[in-house]
Amino acid sequence: MSEKEPILVCGASGQQGGAVMKSLTQQDLKVRALTRKSSTAEALKSSEVEVFMGDLCDRASLNLALKGVKKVFLMTTFFEEGMEAEVRQGITMIDAAQAAGVEHLVFSSVSSADKNTGIPHFESKWKVEQYIHKVGLPATILRPVGFMENFGTYWPPSPEGVLSLPLWPETSSMMIALRDIGAFAAAAFTRPEDFIGESIDLASDTLTMPEVAEALSKTMHRPIRFEPLPDEQAEAAMGRDFALMFAWFNRVGYSVDISALEKKWKVPLTRFKTFLQSVSWAKPMPK
Numbered sequence: 068m069s070e071k072e073p074i075l076v077c078g079a080s081g082q083q084g085g086a087v088m089k090s091l092t093q094q095d096l097k098v099r100a101l102t103r104k105s106s107t108a109e110a111l112k113s114s115e116v117e118v119f120m121g122d123l124c125d126r127a128s129l130n131l132a133l134k135g136v137k138k139v140f141l142m143t144t145f146f147e148e149g150m151e152a153e154v155r156q157g158i159t160m161i162d163a164a165q166a167a168g169v170e171h172l173v174f175s176s177v178s179s180a181d182k183n184t185g186i187p188h189f190e191s192k193w194k195v196e197q198y199i200h201k202v203g204l205p206a207t208i209l210r211p212v213g214f215m216e217n218f219g220t221y222w223p224p225s226p227e228g229v230l231s232l233p234l235w236p237e238t239s240s241m242m243i244a245l246r247d248i249g250a251f252a253a254a255a256f257t258r259p260e261d262f263i264g265e266s267i268d269l270a271s272d273t274l275t276m277p278e279v280a281e282a283l284s285k286t287m288h289r290p291i292r293f294e295p296l297p298d299e300q301a302e303a304a305m306g307r308d309f310a311l312m313f314a315w316f317n318r319v320g321y322s323v324d325i326s327a328l329e330k331k332w333k334v335p336l337t338r339f340k341t342f343l344q345s346v347s348w349a350k351p352m353p354k
């Protein structure tokens, strides 16, 4: 790759975008980080990373960020402004990328986006996928399952040692480490002949919640138990979108063949117990 052709990474100040940037820079690839947050812009800068301020719904800022760019990592989010805004983010970047002559877009969607799940934030990502196909932009679609990191952010055990989610004890939950999404994105950009035109569901491990609690207990050196949150309490606890998602996990769930995934794409995947050894929040509390 020419030094004049950085890879544009959207959501660079977030966990997923950060993981992608790390994987790319580890392979000595030049990165152009796109962020809306001036407070994080300076921290993102390095010899391998240049930073552009921009918003996925602001076409003018995207046009500037895309100058000299042939490859883009796109992730969208519904957290701040909802599903319709997420679709707008995707469409605006796709249109800008096509106009700029981008040769390879890697879009981070969600596993089973194409399965008519009825989960709003799955459906919004599916609409972005469909738009990519409609305009014919050369692309790789990565469809990760839920993040292992969520057990340290959104759904950590309580101080009393209780892990509580609206999942049945027997439900197998598929998960992935963000570093593995980064590794797949880097593989896609460096092996475009293998990845362009592919839609790939990603997972690194699968465990029940009692198994997750057991792994957390061993790593954190304190007793943690799983207590299912009753289905009827899910919406009040986490909102309708996530309540629908967890209900779908119990009824249907993700279906990624992890062994086949590793064998086909030659990208090593991180198991949950290995992941826990590498994150600060899972370390034992000082006595």
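Sequential numbering of the sequence shown, starting at 68, is according to the working numbering.
Even glycine gets a Cβ: it sits at the ideal position worked out from N, Cα and C.
Buried or exposed by the 16-neighbour rule on C-beta atoms within 10 Å, applied to residue i
i    : result
P290 : exposed
P233 : buried
H288 : exposed
V323 : buried
S69  : Here the model assigns S69 a pLDDT of 46, short of 50, so the residue's position is not dependable, and the following value carries that caveat. S69 should be labelled exposed.
S345 : exposed
H200 : exposed
W332 : buried
Q83  : buried
E227 : exposed
A127 : exposed
S113 : exposed
A349 : buried
A303 : exposed
L91  : buried
R307 : exposed
D178 : Reading off the sequence, residue 178 comes out as Ser, not Asp. S178 should be labelled buried.
M352 : exposed
E216 : buried
S347 : exposed
E260 : exposed
E153 : buried
Inter-residue CB distance, residue i and residue j (contact presumed, cutoff 8 Å)
i    : j    : result
S326 : L274 : 16 Å between Cβ atoms; not a contact.
A86  : G249 : 4 Å
L283 : L230 : 7 Å
G121 : T143 : Rounded, the Cβ-Cβ distance is 14 Å, inconsistent with contact.
F293 : P277 : 5 Å
Q165 : V212 : That pair is no contact at about 29 Å.
D247 : T337 : 5 Å
M160 : V116 : Rounded, the Cβ-Cβ distance is 19 Å, inconsistent with contact.
P65  : P295 : Because residue 65 is not part of the residues shown, which for the chain are 68 to 354, the question remains open.
F145 : A132 : So it is not a contact: roughly 22 Å between Cβ atoms.
F339 : M242 : 6 Å
L129 : A79  : Not quite, the Cβ-Cβ distance comes to about 14 Å (not below 8 Å), so this is no contact.
Min CB distance residue i to chain B below 8 Å
i    : result
I186 : Included in the structure is just one protein chain, with no chain B present.
Residues sharing a beta bridge with residue i, DSSP
i    : result
V76  : A100 and F140
F174 : L141 and I208
F214 : I243
V118 : A100
Quick check: the segment 187 to 199 against the segment 211 to 230, are there 3 or more CB pairs under 8 Å?
-> no
At 3 residues or longer, and completely inside the segment 224 to 295: list those beta strand (DSSP E) runs for me, N to C.
-> 239 to 243, 266 to 269 and 272 to 275
Counting Cβ pairs closer than 8 Å, one from the segment 167 to 177 and one from the segment 138 to 145, do we hit at least three?
-> yes
Would you say the segment 247 to 264 touches the segment 303 to 322, given that touching needs at least three Cβ pairs under 8 Å?
-> no
4 or more residues per run - each alpha helix (DSSP H) lying fully within the segment 307 to 350 | 307 to 318, 325 to 332 and 339 to 343
Just checking, does the segment 71 to 78 make contact with the segment 92 to 101 on the three C-beta pairs under 8 Å criterion?
-> yes
Answer yes if the segment 296 to 313 comes into contact with the segment 177 to 190, meaning at least three C-beta pairs across the two stretches below 8 Å, and no otherwise.
-> yes
What residue ranges within the segment 151 to 204 form continuous beta strand (DSSP E) runs of no fewer than 3 residues, ordered along the chain?
-> 171 to 175
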